[in-house]
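Worksheet for the structure shown next.
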Amino acid sequence: MAPRSLVCVCDMVVLHLVSVLRVCTEHRHTMMFRASYYCKEVESYCAVLKFLLLSLQQVISTAEKLPNGSLFPPLDDDYSKYQSLLRGIEALDSSCFYGRPLGFHFSPSVGRIFRFIGVVLATFSLSWEKGHGPIGSLINSGRFILSPEQRASRIVRVTREADIEFCKGFWNLSELGNVSPHLSTVLFSYSLKRHLI
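Residues -20 to -1, 1 to 177 (mature numbering (1 follows the signal peptide of the UniProt record, and there is no 0)) are what the sequence shown spells out, left to right.
And the structure:
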């Protein structure tokens, strides 16, 4: 099952690459065509494809050790032989998923929500780390909006190193009095768009 799921995600990445390349060929002679933007798009999706291919190799080699059709090792088995798989996948650079291709396997409207949450997470983590207040957060948010690569590296760092107090603080953001009207506006417009479509 796991290799098939990875193959489906690989198919989606290839479809996105084909889509970006098609846009490049159709619009390359227009005045507003930005080659650097599309190069970064292609590079980011190729990085995702590379990650998936490397992880697929590791999953297939581990699947050969498992009983037929099982995703999990037997309960009474020695788990030390599966540690190499976990270490190998952890060693891969997962920041490629949090940059430009963030949420690529969902519809574009959901991808925008993921990007918004990613910017908020990266900004909040930087403010948490440096002890900045709301003004510092507002200033730093522009950096993570304009640079998906910086946002991705910050998200990966936070997901690996964050403590429980940071997690509580981040997930309680929606309960702050001055934030909830803005979130309700975003969520209301999203639900309105869903009903219109």
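Heads up, the beta-carbon is just placed ideally off N, CA and C, and yes, glycines get one too.
- Judged by DSSP in its simplified three-state form, Ala71 adopts helix.
- Within its own chain, no residue has a Cβ closer than 7 angstroms to the Cβ of Asp143 once the five positions on either side in sequence are excluded.
- For Leu82, no alpha helix (DSSP H) run applies, since DSSP gives it neither H nor E.
- For Arg8, the three-state secondary structure derived from DSSP is coil.
- Shortest Cα-Cα distance from Val99 to any of Ile135, Val28 and Gly111 involves Ile135.
- A distance below 8 angstroms between beta-carbons, with the five flanking residues on each side excluded, links Pro54 to the following residues of its chain, in chain order: Pro47.
- For Ala142, no alpha helix (DSSP H) encloses it, and the DSSP letter there is neither H nor E.
- In this structure, Leu106 is the residue among Leu66, Leu106 and Arg92 with its C-alpha nearest to the C-alpha of Ile119.
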